[in-house]
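Comments concern the structure below.
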Amino acid sequence: MQIISISSLKGGVGKTSVTLGLASAAQARGIPTLVVDMDPHADATTGLGVRQDVGTEDVGTLLSHPRRVSLAEHVVPSGWPDTRPGGTAEADAGTGGVGSAPRALDVARGSSRTSLFERPTTRPRELRRLSQLLESVTRYALVLVDCPPALNGVTRMAWAASTDVLLVAEPSLFSVAGTERTLRALDLFRREYAQGVRSTGVVANRVRPASTEHQFRLGEMDRMYGDRLLPVAIPEQGNWQQIQGAAWPVHAWPGETAARSAALFDELLAAVHRPLKDRRSQRRH
Ligand SMILES: Nc1ncnc2c1ncn2[C@@H]1O[C@H](COP(=O)(O)OP(=O)(O)OP(=O)(O)O)[C@@H](O)[C@H]1O
Ligand SMILES: [Mg+2]
Numbered sequence: 016m017q018i019i020s021i022s023s024l025k026g027g028v029g030k031t032s033v034t035l036g037l038a039s040a041a042q043a044r045g046i047p048t049l050v051v052d053m054d055p056h057a058d059a060t061t062g063l064g065v066r067q068d069v070g071t072e073d074v075g076t077l078l079s080h081p082r083r084v085s086l087a088e089h090v091v092p093s094g095w096p097d098t099r100p101g102g103t104a105e106a107d108a109g110t111g112g113v114g115s116a117p118r119a120l121d122v123a124r125g126s127s128r129t130s131l132f133e134r135p136t137t138r139p140r141e142l143r144r145l146s147q148l149l150e151s152v153t154r155y156a157l158v159l160v161d162c163p164p165a166l167n168g169v170t171r172m173a174w175a176a177s178t179d180v181l182l183v184a185e186p187s188l189f190s191v192a193g194t195e196r197t198l199r200a201l202d203l204f205r206r207e208y209a210q211g212v213r214s215t216g217v218v219a220n221r222v223r224p225a226s227t228e229h230q231f232r233l234g235e236m237d238r239m240y241g242d243r244l245l246p247v248a249i250p251e252q253g254n255w256q257q258i259q260g261a262a263w264p265v266h267a268w269p270g271e272t273a274a275r276s277a278a279l280f281d282e283l284l285a286a287v288h289r290p291l292k293d294r295r296s297q298r299r300h
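In terms of the working numbering, the sequence shown is residues 16 to 300.
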């Protein structure tokens, strides 16, 4: 099971948007995926169309006693249409039937209770809470963990449970510098507490291709991050707030612009999601 934390030191750079884009791409490919919403604001939960009154426990509550609960009993299906061939999206459009395959996209819903774990800590008992919770889920090939914008307890707990960390950065001076600090903090943390992390990457988001400043910052990111900078950069998208506001997957949104966004997230998923055998042979960097 590949567990990818989507993190940044800075707020508002697009962690949740990248999480939702990757979830949409994974669902369209039929990859059994779980989104774990670790942000106390629970934006990913909202964006995935999951309500808070679904009758299961939120991840913050489960983290309080991770050994005594089964996360598998508390995950809920996303509220998105199923974009797999034969899924509900096609059924709604009258082009196919609802597939009989098990659902592809589940959510461990977030809530403000995760803020209880936002204290800075290096105590192994605290850092292991999410890993212990994830031990009870086995049916997913991919777990996407949407982190809050800080390197405190929750993000550290997510890193300690992860096989990969994806940092999101905007091509601006402060974000580039913040990401560099985050990479250094991550390297130190990996050595001591997160030895399961195999790879770390950076994805540039909200890129305006016509902006000279953005092109300059992208060049700087290339020099600073080397092969950690992923080959896919996500441009500023005019209709994202509308798609996210509708709690809809980009792969099911009509129009050319959404189709281009969906294709970019397919590429990003291909860059970060590797079958287990490839990850075993991948060199650490
Ligand atoms: N590539 C993009 N194009 C257009 N809008 C974007 C893009 N990426 C993010 N946004 C918008 O920017 C805002 C912040 O994005 P998002 O919530 O994904 O950031 P975040 O890093 O998760 O924030 P936080 O730190 O608060 O959790 C949202 O309104 C989102 O729709
Ligand atoms: Mg967010």
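For glycine and all other residues, C-beta sits at the position ideal for the given N, C-alpha and C.
Environment of residue i [buried if 16+ CB atoms lie within 10 Å]
| i | result |
| --- | --- |
| glutamate 271 | exposed |
| leucine 157 | buried |
| aspartate 121 | buried |
| glutamate 207 | exposed |
| phenylalanine 189 | exposed |
| leucine 182 | buried |
| arginine 275 | exposed |
| proline 269 | exposed |
| phenylalanine 231 | exposed |
| serine 23 | buried |
| proline 96 | buried |
| aspartate 281 | buried |
| alanine 267 | buried |
| glycine 62 | buried |
| glutamine 42 | buried |
| threonine 197 | buried |
| arginine 171 | buried |
| threonine 137 | exposed |
| alanine 261 | exposed |
| threonine 66 | Residue 66 is actually arginine in this sequence, not threonine. By the neighbour-count rule (16 or more Cβ atoms within 10 Å), arginine 66 is not buried but exposed. |
| serine 127 | exposed |
| serine 85 | exposed |
Supposed close pair residue i, residue j - CB separation, criterion 8 Å
| i | j | result |
| --- | --- | --- |
| aspartate 52 | alanine 123 | 7 Å |
| valine 222 | glutamate 251 | 7 Å |
| lysine 25 | glycine 193 | 5 Å |
| alanine 273 | isoleucine 249 | Going by Cβ atoms, the distance from alanine 273 to isoleucine 249 rounds to 13 Å, so no, they are not a contact pair. |
| leucine 11 | valine 169 | Any answer about residue 11 is impossible in this case: the structure gives the chain only from 16 up to 300. |
| aspartate 179 | arginine 213 | 6 Å |
| glycine 125 | aspartate 73 | 6 Å |
| alanine 173 | leucine 145 | 6 Å |
| methionine 236 | proline 186 | 7 Å |
| isoleucine 46 | threonine 34 | The pair is not a contact, with the Cβ atoms about 14 Å apart (cut-off 8 Å). |
| proline 246 | alanine 286 | 6 Å |
| glycine 36 | leucine 283 | 7 Å |
| serine 130 | isoleucine 18 | Serine 130 to isoleucine 18, Cβ: 22 Å. No contact. |
| proline 243 | valine 217 | The residue you asked about is not proline; residue 243 is arginine in the sequence shown. Sure, about 5 Å apart at Cβ, within 8 Å. |
| glycine 64 | glycine 94 | 2 Å |
| asparagine 167 | glutamate 141 | Rounded, the Cβ-Cβ distance is 11 Å, inconsistent with contact. |
| alanine 147 | proline 100 | The question names alanine, yet the displayed sequence has glutamine at residue 147. Not a contact, Cβ separation roughly 36 Å. |
| serine 32 | glutamine 259 | 7 Å |
| valine 191 | alanine 184 | 6 Å |
Chain C contact for residue i (CB, 8 Å cutoff)
| i | result |
| --- | --- |
| proline 269 | Here chain C cannot be found, since the structure has a single protein chain. |
### Message
Going residue by residue through the stretch 199-239, where are the continuous alpha helix (DSSP H) segments of at least 4 residues, counting only ones entirely within it?
### Response
none
### Query
Does the count of Cβ pairs from the stretch 216-230 and the stretch 149-163 closer than 8 Å reach three?
no
### Query
For the 8 Å Cβ check, are there 3 or more pairs between the stretch 66-81 and the stretch 89-100?
yes
#### Entry: Minimum length 4: unbroken alpha helix (DSSP H) runs contained in the stretch 30-68
30-43 and 58-62
### Message
Going residue by residue through the stretch 143-193, where are the continuous beta strand (DSSP E) segments of at least 3 residues, counting only ones entirely within it?
### Response
157-161 and 179-184
### Task
Inspect the CB distances between the stretch 50-70 and the stretch 198-216 and report whether three or more fall short of 8 Å.
no
### Message
My parser needs the alpha helix (DSSP H) runs of 4 or more residues fully inside the stretch 245-280; what are they?
### Response
255-260
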